[in-house]
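In this note's numbering, the protein residues as written are 686 to 943.
Backbone N, C-alpha and C define an ideal beta-carbon position, used for all residues, glycine too.
Written out below as structure tokens is the structure these notes cover.
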Amino acid sequence: MNINMAGNTPPIYIDTPLALIHTPKFKTGKDDPFTIEASHMALSHNSFIRGLNSIYQQAPRVQHPVDKSGFVGYCLAWIECVATHHHYEEIELFPNIDMAAGQKGLMDNAVHEHEAFCGGMEQMKKYLLDNDADFCSTELVAIMDSFKEPLHSHHKAEPDAIVALAKYSTPDKPIDILGIADAAGKKQVNLGFMFNTLPVFFLNMETVKFEDGIWHGVFPPLKGIAKTVMNKAVPMWHSGRWRFASCSPDGEAKQLAV
686 MNINMAGNTP PIYIDTPLAL IHTPKFKTGK DDPFTIEASH MALSHNSFIR GLNSIYQQAP
746 RVQHPVDKSG FVGYCLAWIE CVATHHHYEE IELFPNIDMA AGQKGLMDNA VHEHEAFCGG
806 MEQMKKYLLD NDADFCSTEL VAIMDSFKEP LHSHHKAEPD AIVALAKYST PDKPIDILGI
866 ADAAGKKQVN LGFMFNTLPV FFLNMETVKF EDGIWHGVFP PLKGIAKTVM NKAVPMWHSG
926 RWRFASCSPD GEAKQLAV
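This is how it looks when you write it as structure tokens:
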């Protein structure tokens, strides 16, 4: 990890230690429903990747107790966001894909990939809850090192697995992959999740420059007042957490908090 510790001006966020992943649409130019849903998944995964990177980069620099308390809240929100995403994949998205295809276990590989890093994320959560603002950055980063590669491998592999589902969709038994995914996504969100967790997703979504800006204003699918509320009004709650995010409400990489 190459992070400049000198001086008092925090650096601009950079994509390290984990690299972002390109969307299937950007790689292939296709725009069928499976490619689009896989691309949405890749964009969501990139938000999780930026979240991890922002924690990894800032953990060694957080010094003041008030900052550390907010930072712990940010870390716990990131864990909750990623864990909830995978939970609803397993109980909603994947079973409904199987049901639509008339087959079982189409996304079993993804479930096994979840198992490879969920233990490390639980360890990170327990460590932060046990230590709160007294956490040691070296210990926190070491825990992240224990699961970051399996997490990244999963995030790279899963969009391609979604694209591959197209072969199971037939005129007689079509799979409405966009509808299935949309329904699963909506079930993740309640009022508590929106205020306590969801900003860590939206505020780690860089769309201005990523893939030449093709997703800016397209995904996440928020426009007008809804976008303003979600990106600017909601983060006023727990603002001490969200300032550690990697991106501005307008979808640009920003200067980190510390």
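Cβ-based burial, residue i [other Cβ within 10 Å; buried from 16]
i      : result
Val751 : exposed
Pro934 : buried
Lys833 : buried
Asn916 : buried
Lys871 : exposed
Thr708 : buried
Met784 : exposed
Ala945 : Nothing can be reported for residue 945, as the shown portion of the chain is limited to 686 through 943.
Gly714 : exposed
Gly736 : buried
Pro906 : exposed
Lys710 : buried
Asn875 : exposed
Ala930 : buried
Cys932 : buried
Leu813 : buried
Val747 : buried
Ile910 : exposed
His772 : exposed
Val796 : exposed
Arg749 : Position check: residue 749 holds His in this sequence, whereas Arg was assumed. So His749 counts as exposed.
Ala691 : Residue confidence is low: Ala691 scores 43 on pLDDT, short of 50, so the model does not pin down where it sits. No coordinate-derived value is stated.
Glu775 : exposed
Glu798 : buried
CA nearest to the CA of residue i, picked from the options
i      : options                           : result
Val848 : Asp700, Lys712 and Pro702         : Lys712
Phe880 : Gly902, Ala868 and Val914         : Val914
Ala818 : Tyr759, Ile828, Ser729 and Thr882 : Tyr759
Phe887 : Ile899, Ile776, Tyr741 and Pro920 : Pro920
Cys803 : Pro695, Phe756, Pro835 and Ser924 : Pro835
Asn889 : Asp845, Ile865, Glu824 and Ile699 : Ile699
Leu761 : Glu891, Ala930, Ile721 and Thr882 : Thr882
Ile721 : Ser931, Ala930 and Asp867         : Asp867
Ser754 : Phe779, Thr892, Ala704 and Cys821 : Cys821
Trp922 : Val893, Gly877 and Asp815         : Gly877
Ala704 : Lys894, His837 and Val893         : His837
Asp717 : Gly790, Ile776 and Ala851         : Ala851
His725 : Phe756, Gly909 and Thr892         : Thr892
Gly864 : Pro745, Phe779 and Thr694         : Phe779
Residue i - containing alpha helix (DSSP H), residue span
i      : result
Ile865 : Ile862 to Lys872
Glu937 : Glu937 -> no alpha helix (DSSP H), and no H or E assigned at all.
Met829 : Ser822 to Ala849
Met879 : Leu876 to Asn881
Ile776 : No alpha helix (DSSP H) contains Ile776, which DSSP labels as neither H nor E.
Lys811 : Asp793 to Asn816
Met890 : Run containing Met890: none; DSSP gives neither H nor E here.
Phe904 : Note, Phe904: premise wrong, no alpha helix (DSSP H); not H, not E.
Phe719 : Pro718 to Gln743
Thr913 : Gly909 to Thr913
Phe711 : Pro709 to Thr713
Ser933 : Run containing Ser933: none; DSSP gives neither H nor E here.
Gly925 : Ser924 to Trp927
Cβ-Cβ separation, residue j to residue i (assumed contact under 8 angstroms), whole Å
i      : j      : result
Val885 : Gln743 : With a Cβ gap of about 13 angstroms, Val885 and Gln743 do not count as contacting.
Asn781 : Ala846 : Asn781 to Ala846, Cβ: 15 angstroms. No contact.
Ile734 : Trp763 : Not confirmed; about 11 angstroms, so no contact.
Ile860 : Ala786 : 6 angstroms
Asn738 : Pro702 : 7 angstroms
contact_flag[the region 765–782, the region 920–938] where n(CB pairs < 8 angstroms) is 3 or more: no
contact_flag[the region 720–734, the region 834–843] where n(CB pairs < 8 angstroms) is 3 or more: yes
Segment contact flag, the region 800–816 with the region 824–833, C-beta cutoff 8 angstroms, min 3 pairs: yes
Three CB pairs or more closer than 8 angstroms across the region 855–873 and the region 888–905: no
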